[in-house]
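Residues 953 to 1262 (the numbering used here) are what the sequence shown spells out, left to right.
Every residue gets a Cβ at the ideal spot worked out from N, C-alpha and C, and that includes glycine.
A short worksheet on the structure shown next.
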Amino acid sequence: MKSTTVRRATLSIAVVAALTGVAACGSSDSDKGGDKAAGKGPIHLSPIAALRSVEKSTDQADSAKVRSTTSLGDIMSMTANGALTWSDGLKGNLTITYTGGQMAELMKKAGTQSMEARYMPDAYYAHMSEAYAQQAGGGKHWIKYSYDDLAKLGGASGSYMKDQLQNATPNQSVKMLLASGDVKKVGEEKVSGVQTTHYSGKIKVADLADKTSNLGADQMAALKKQLSQAGVTTETIDIWVNDQDLLIKKTEKAATANGTLNNTTFYSDYGVKVTAEAPPAGDTKDFGEMMKSGGMTTGGTGAGTAGTAS
953 MKSTTVRRAT
963 LSIAVVAALT
973 GVAACGSSDS
983 DKGGDKAAGK
993 GPIHLSPIAA
1003 LRSVEKSTDQ
1013 ADSAKVRSTT
1023 SLGDIMSMTA
1033 NGALTWSDGL
1043 KGNLTITYTG
1053 GQMAELMKKA
1063 GTQSMEARYM
1073 PDAYYAHMSE
1083 AYAQQAGGGK
1093 HWIKYSYDDL
1103 AKLGGASGSY
1113 MKDQLQNATP
1123 NQSVKMLLAS
1133 GDVKKVGEEK
1143 VSGVQTTHYS
1153 GKIKVADLAD
1163 KTSNLGADQM
1173 AALKKQLSQA
1183 GVTTETIDIW
1193 VNDQDLLIKK
1203 TEKAATANGT
1213 LNNTTFYSDY
1223 GVKVTAEAPP
1233 AGDTKDFGEM
1243 MKSGGMTTGG
1253 TGAGTAGTAS
């Protein structure tokens, strides 16, 4: 049982680290020189200066439609489609479909391969199938994953996961590149018919977590150990931005102990109206309470899918 728990914890870290990014609170350098980069400067702006402008513009856009594909070895392959807003904490709705791997098999046994994921500032909600609701949910269709409860699951990794889930916004990828200091302009490319500028960089995940997280020394040491066990060392991030300094596409790739993790996310319709409310309490099962009573849930792995917002 203990080994299974450790494996799940390290897998969660692998997923969250590669999908949501480690610069949840932004880098301390991201605002330096911002005035120079904020305007529509000339094309010869350095990659760092240009990305500072992208970071601000994307953050200020407040909301966007999101569609993504993610794969992690033989653990899972999935798609996510929906819309998110980040003007007052992360909120939104995504339809998540598991298309392959172990997670797809687990979801199939639970009676579905798709579920609605609903994000609120304090919790993540997963809507499960009717069969699952009757079997394990006491007739309730929603499972609530409080970020505080998730933080308790894995010590440093749990606290780290909570931080990432609460701050998983599109401009996190930009912040990661800025904090890493390793950014290069690849060139001009068309994405979905839109002219974009392509930037790329490689990040040392543990070093970046040390720079940007709020964890104490002991927690950081534990987190680095778990990252090492999960096989997460470096991550390659590519982003494509339009002439309004808005993120249009993002890819992330990282090696983990569970296989290569790949994510591609597209953003569109910035400023779209997003309405998200917590599901009815009477139709919601609390994950924390399920854990106390020894209940099991296949939806737990879905917590890592918040990374599609990053």
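Hey, quick one: how far does the alpha helix (DSSP H) through residue i stretch, first residue to last?
i	result
V1135	From DSSP, V1135 is part of no alpha helix (DSSP H); its letter is neither H nor E.
K1061	G1053 to K1061
G1240	F1239 to K1244
According to DSSP, residue i sits in a beta bridge with which residue or residues?
i	result
Q1147	K1142
L1046	G1034 and A1069
V1018	G1034 and Y1219
L1024	M1028 and L1213
I1095	A1078 and K1237
G1041	S1039
G1183	DSSP, once it has assigned bridges, lists no residue as partnering G1183.
S1152	K1136 and D1190
Would you say residue i and residue j are within 9 Å of each other, going by their C-beta atoms?
i	j	result
T1010	V1138	no
K1154	D1134	yes
S1023	S1029	yes
A1016	D1221	yes
S1098	G1211	no
Could you name the residues of the same chain whose beta carbon sits closer than 7 Å to that of residue i, not counting the 5 residues immediately before and after it, in chain order?
i	result
V1006	V1126, V1193, D1197 and L1199
G1034	V1018, G1044, N1045, L1046 and T1047
Q1054	D1026, I1027 and M1028
I believe residue i touches residue j by the beta-carbon criterion, under 8 Å. Please report the beta-carbon distance rounded to the nearest angstrom.
i	j	result
A1263	G1044	In this structure the chain extends from 953 to 1262, so residue 1263 is not present and cannot be described.
T1185	K1156	7 Å
Starting from residue i, trace the beta strand (DSSP E) in both directions and tell me its first and last residue.
i	result
T1010	First-last for T1010: P999 to Q1012, but that is the alpha helix (DSSP H), not the beta strand (DSSP E).
E1187	T1186 to V1193
E1229	Run containing E1229: none; DSSP gives neither H nor E here.
L1199	L1199 to T1208
To which residues of the same chain is residue i closer than 6 Å at the C-beta, ignoring the five residues directly before and after it?
i	result
A1230	M1072
D1190	S1152 and T1203
K1244	none
N1214	S1023 and K1205
A1083	G1063
K984	Summary for K984: the model assigns pLDDT 36, below 50, so the residue's position carries little reliability; its value from the coordinates is reported in the next sentence. Counting only Cβ-Cβ distances below 6 Å, and skipping sequence neighbours, we find nothing.
N1123	E1007, T1010 and D1011
K1201	V1143, W1192 and F1218
T1188	K1154 and K1205
W1038	T1121
Taking 8 Å as the limit between beta carbons, can you name the residues of its chain near residue i, skipping five residues before and five after?
i	result
K1136	P999, Y1151, S1152 and G1153
E1140	Q1147, T1148, T1149 and H1150
May I ask you to check if the CB of residue i is nearer than 8 Å to at least one heavy atom of the ligand SAH?
i	result
T1203	Ligands are entirely absent from the displayed structure, and the ligand SAH is therefore not among its contents.
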